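Chains as they are written, first to last, in the numbering used here: chain A, 9 to 121; chain B, -14 to 99.
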């Protein structure tokens, strides 16, 4: 079945770059997404990448995809205290009809002054 | 566009009671999804509608759970005879068909079963 894994915690200093990593198992993945969740809130869609791309840049966010290794990363440039949150990687595969997202457990990003 | 809205935001109920949650999707979105999120975990898929048709249900959706989307707009999720294990955040999302099928989430309904 589909599985998505992320490291649990990441701590960075304000102004540095953050890199959050994700691995997935579903080889039929078509799109991969990054969401941000702040305490007590729903999920905010940050960006996504189609599986035939290897990089996508969107302002401070850069997504890298290594489809061969099934590895996805999110780089946040010039990390700010407002970036402190939990970041979820999710994949949409064709398994089971391709209608659901499978999420990782989330990476808690802490930005220190 | 006001985004996806959910009501109520919080619900505390006693074990054995029935609860119903409502989700209003983004108006032009024809797909609607329900997910459940427990503490320290990512959201888990429960069910999905395209217009008014419920097209997919997860094994997580026991017989005590039922979801409807009668006119293809808002949706309700009902849990009958609640159990303590039902305590979670219930998230609704909506999307268009096609493209990247980006799912936009509501703020969630936090259910606590005592």
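Idealized CB from N, CA, C, for every residue including glycine.
Computed from a predicted structure; not experimentally measured.
Item to check | Runs of beta strand (DSSP E) wholly within the region 13 to 61 of chain B (minimum 3 residues, chain order) | outcome: For the region 13 to 61 of chain B, the continuous beta strand (DSSP E) assignments of 3+ residues that do not extend past its boundaries occur at 16 to 22, 29 to 35, 38 to 42, 50 to 53, in sequence order.
Item to check | Given residue 54 (chain A) as reference, the closest of A:121, A:63, A:82, A:16 once Cα atoms are compared | outcome: Of the candidates A:121, A:63, A:82, A:16, the one whose C-alpha sits nearest the C-alpha of residue 54 (chain A) is A:82.
Checklist entry - If you measure from the beta carbon of residue 70 (chain A) to each beta carbon in chain B, is any gap under 8 Å? => result Chain B contact via Cβ: absent.
Checklist entry - In the DSSP assignment, what are the bridge partners of residue 108 (chain A)? => result Under DSSP, no beta-bridge partner is assigned to residue 108 (chain A).
Checklist entry - How should residue 28 (chain A) be labelled, buried or exposed, when 16 other C-beta atoms within 10 angstroms of its C-beta is the threshold for buried? => result Looking at its Cβ environment, which holds 16 or more other Cβ atoms inside 10 Å, residue 28 (chain A) is buried.
Next on the checklist: Taking CB distances under 8 Å as the criterion, tell me whether residue 13 (chain B) reaches chain A.
Outcome noted: Not one beta carbon of chain A lies nearer than 8 Å to the beta carbon of residue 13 (chain B).
Checklist entry - DSSP state of residue 14 (chain A), grouped into three classes? => result If DSSP states are grouped into helix, strand and coil, residue 14 (chain A) belongs with the strands.
Checklist entry - Do residue 0 (chain B) and residue 67 (chain B) have their C-beta atoms closer together than 8 Å? => result Going by beta carbons, residue 0 (chain B) and residue 67 (chain B) fall inside the 8 Å limit.
Checklist entry - So, is the C-beta of residue 115 (chain A) closer than 8 Å to a C-beta in chain B? => result No, residue 115 (chain A) does not count as interfacial toward chain B.
Checklist entry - Since residue 120 (chain A) and residue 46 (chain A) are thought to touch, with beta carbons under 8 Å apart, how far apart are those beta carbons, to the nearest angstrom? => result Incorrect: roughly 17 Å between the Cβ atoms, too far for contact.
Checklist entry - Which ranges would you report for the beta strand (DSSP E) in the region 43 to 117 of chain A if only whole runs of at least 3 residues count? => result Within the region 43 to 117 of chain A, the complete beta strand (DSSP E) runs of at least 3 residues are 51 to 58, 63 to 66, 69 to 74, 79 to 84, 93 to 100.
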